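For the sequence shown, numbering that gives the first Met the number 0 begins at 0 and goes up steadily by one.
Okay, structure first, notes after.
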Amino acid sequence: MKHLEIECKWDANSPRAFARARRFVAQLNSKVSFQTLHIKDVYLDHANRDLSSQKIALRVRNTAGKWEATFKSRSEIKNGKAVRREETLPFPAVQNLSQALQLLARQKKWKEINTTGLRAQFALVNKRQLCVFSYDGAQLEMALDDVTIYVVGRQVKFKEIEVELKSGKSTALENFAHAFSDATQLKPAQISKVKTAETFLKFWKK
0 MKHLEIECKW DANSPRAFAR ARRFVAQLNS KVSFQTLHIK DVYLDHANRD
50 LSSQKIALRV RNTAGKWEAT FKSRSEIKNG KAVRREETLP FPAVQNLSQA
100 LQLLARQKKW KEINTTGLRA QFALVNKRQL CVFSYDGAQL EMALDDVTIY
150 VVGRQVKFKE IEVELKSGKS TALENFAHAF SDATQLKPAQ ISKVKTAETF
200 LKFWKK
């Protein structure tokens with residue numbers, strides 16, 4: 000599946016950030032509820048780190064036994080907003096990471112990506128609280144991400160709030176972002192969880 004992902008991110012490493020976000024959504028619609036997902040993302044690259052140099056993020060995701068691969072054109076976050084291309088490849092028969100890597104290797108190429116010789120670079124284990132709601136005629140999806148980054152044998156805790164535009168006009172997301180920031184006093188994210196992991200990977204592998 001191909002689409003353009005448009006989302007806004009906030010730093011949630013301050014006290015009661017998730018509670019403030021849930022309270023704001025409840026004020027919009029008291030019937031909106033959050034579901035909890037347990038997600039493990041393993042990010043891949045070749046030995047020469049060519050995908051990273053091209054600002055391509057390639058991951059294999061396991062959500063409660065459902066496997067898929069996704070790549071995104073990594074973009075800089077500007078005032079908490081990110082816009083990027085996203086492609087997803089479902090793996091309905093895959094049961095573990097080894098099988099996913101083997102399937103990618105047999106495919107040899109996916110879009111413009113060479114899928115042979117891929118190696119795990121780092122992993123994100125995420126307890127995600129998720130809800131979907133309407134705002135200004137658009138459908139938005141909020142994710143409260145409580146993440147442990149596993150990189151070079153070390154662990155880093157990281158919290159982030161994402162709101163993605165699922166349908167409707169991007170101006171609705173922009174209006175929501177302004178109202179959300181004003182009400183919660185949370186700061187737009189300057190760096191994503193993936194970029195954080197990339198930074199630690201470069202620093203600790205030296």
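The beta-carbon is built from N, C-alpha and C at its ideal position, and this holds for glycine as well.
Nothing here was measured: the structure is a model prediction, and the numbers come from that model.
Identified DSSP bridge partners for A137: Y134, per the DSSP bridge assignment.
Helix, strand or coil at K54 [DSSP, three-state]: For K54, the secondary structure class from DSSP, reduced to helix, strand or coil, is coil.
Bridge-paired residues (DSSP) for K194: Note: K194 sits in no beta bridge, so no partner.
G64 classed as buried or exposed, judged by whether at least 16 other C-beta atoms fall within 10 angstroms: It is exposed - the Cβ of G64 has fewer than 16 other Cβ atoms within 10 Å.
Touch test, the region 145-152 against the region 170-183, Cβ-Cβ under 8 Å, three pairs minimum: Flag = no, the region 145-152 and the region 170-183 do not touch.
Secondary structure of T115, DSSP reduced to three states: Coil at T115, not helix or strand.
With 16 other Cβ atoms within 10 Å as the buried cut-off, status of L103: By the 16-neighbour rule on beta-carbons within 10 angstroms, L103 is buried.
Rounded straight-line distance, which links the Cα of N125 to that of L27: The C-alpha of L27 lies about 26 Å from the C-alpha of N125.
Boundaries (first-last residue) of the alpha helix (DSSP H) holding H177: Segment S169 to T183, the alpha helix (DSSP H) holding H177.
Integer-rounded CB distance, given that K8 should sit under 8 Å from E197: A Cβ-Cβ separation of about 16 Å leaves E197 out of contact with K8 under the 8 Å criterion.
Residue range of the unbroken beta strand (DSSP E) whose run includes Q63: Just to set this straight, residue 63 is Ala in the shown sequence, not Gln. For A63, there is no enclosing beta strand (DSSP E), as DSSP marks it with neither H nor E.
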